[in-house]
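**Student:** Using my numbering, the first residue of the sequence shown is number 3, and each one after it goes up by one. Shown below is the structure under consideration.
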Amino acid sequence: MASDGKTSHSAVGTDRVKRGMAEQLKGGVIMDVVTPEQAKIAEDAGAVAVMALERVPADIRAQGGIARMSDPDMIEGIIGAVSIPVMAKARIGHFVEAQVLQSLGVDYIDESEVLTPADEAH
């Protein structure tokens with residue numbers, strides 16, 4: 003239940019919608035981006051979608067290997083900068099992260115083993 007006492011419902015796409023979007027992306031380039039500016043460059047270069055990341059994989063490895071869900075403000079900026087689909091990652095089993103991404107309006111949520119599980123600090 004939502005805090006206002008009303009039952010909240012998740013938006014659920016039909017199988018046709020989910021498969022149709024995947025078919026549209028097949029064979030295209032999906033670029034990893036960390037800023038709205040990078041997302042716009044990717045779109046202008048012909049990317050069919052962008053993956054909004056906290057950091058690119060090389061930076062994650064160089065900084066100790068801890069990866070988290072991207073900042074919601076950054077994701078909103080990317081969504082506002084491009085007209086192509088925006089994807090984002092949530093940690094496996096962290097449905098609240100997925101709900102945050104869904105509320106932002108991302109087109110695809112990747113429940114990803116690439117992101118780090120909860121640790122002492124998070």
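Glycine is no exception: its CB is placed at the ideal position from the N, C-alpha and C atoms.
Leaving out five residues on either side along the sequence, give the residues of the same chain with a beta carbon under 6 Å from the beta carbon of Glu113.
**Tutor:** As a first step, residue 113 is located in the sequence shown; it is residue number 111 there, counting from the start. Taken in chain order, the residues that qualify are Ala92 and Ile94.
**Student:** Measure the C-alpha to C-alpha separation of Arg57 and Ala64 and round it to an integer number of angstroms.
**Tutor:** The count along the sequence shown starts at 1 and reaches residue 57 at position 55. The count along the sequence shown starts at 1 and reaches residue 64 at position 62. Roughly 11 Å separates the two Cα atoms.
**Student:** Could you say if the stretch 62-79 and the stretch 42-51 meet the contact criterion of at least three C-beta pairs nearer than 8 Å?
**Tutor:** Because the criterion of three Cβ pairs below 8 Å is not met, the stretch 62-79 and the stretch 42-51 do not touch.
**Student:** For the beta strand (DSSP E) that Met53 lies in, which residues bound it at each end?
**Tutor:** Working through the sequence shown from its first residue, we reach residue 53 at position 51. Per DSSP, Met53 belongs to the beta strand (DSSP E) from Ala51 to Ala54.
**Student:** State yes or no: is the C-beta of Ala60 within less than 9 Å of the C-beta of Met33?
**Tutor:** Position 58 of the sequence shown, counted from the start, is the residue given in the question as residue 60. Position 31 of the sequence shown, counted from the start, is the residue given in the question as residue 33. No.
**Student:** Sort Thr16, Tyr110 and Ser72 by Cα distance to Pro38 and report the nearest one.
**Tutor:** Working through the sequence shown from its first residue, we reach residue 38 at position 36. Looking at the Cα atoms, Ser72 is the closest of the given residues.
**Student:** Could you check the C-alpha separation between Ile89 and Lys28 for me, to the nearest Å?
**Tutor:** Within the sequence shown, the letter at position 87 stands for residue 89. Within the sequence shown, the letter at position 26 stands for residue 28. Reading the sequence as shown, one finds Met at residue 89 and not Ile. Distance between the alpha carbons of Met89 and Lys28: 14 Å.
**Student:** From the DSSP output, which residues share a beta bridge with Asp112?
**Tutor:** As a first step, residue 112 must be located in the sequence shown, where it is residue number 110. In DSSP, Asp112 forms a bridge with Lys91.
**Student:** From the DSSP output, in three-state form, read off Met76 for me.
**Tutor:** Stepping through the sequence shown from its first residue, residue 76 is reached at position 74. Residue state, collapsed to three classes: helix.
**Student:** Measuring only the C-alpha atoms, how far is Asp75 from Ser85?
**Tutor:** For the purposes of this step, residue 75 is taken as residue 73 along the sequence shown, with counting starting at 1. For the purposes of this step, residue 85 is taken as residue 83 along the sequence shown, with counting starting at 1. Spanning the two alpha carbons is a distance of roughly 17 Å.
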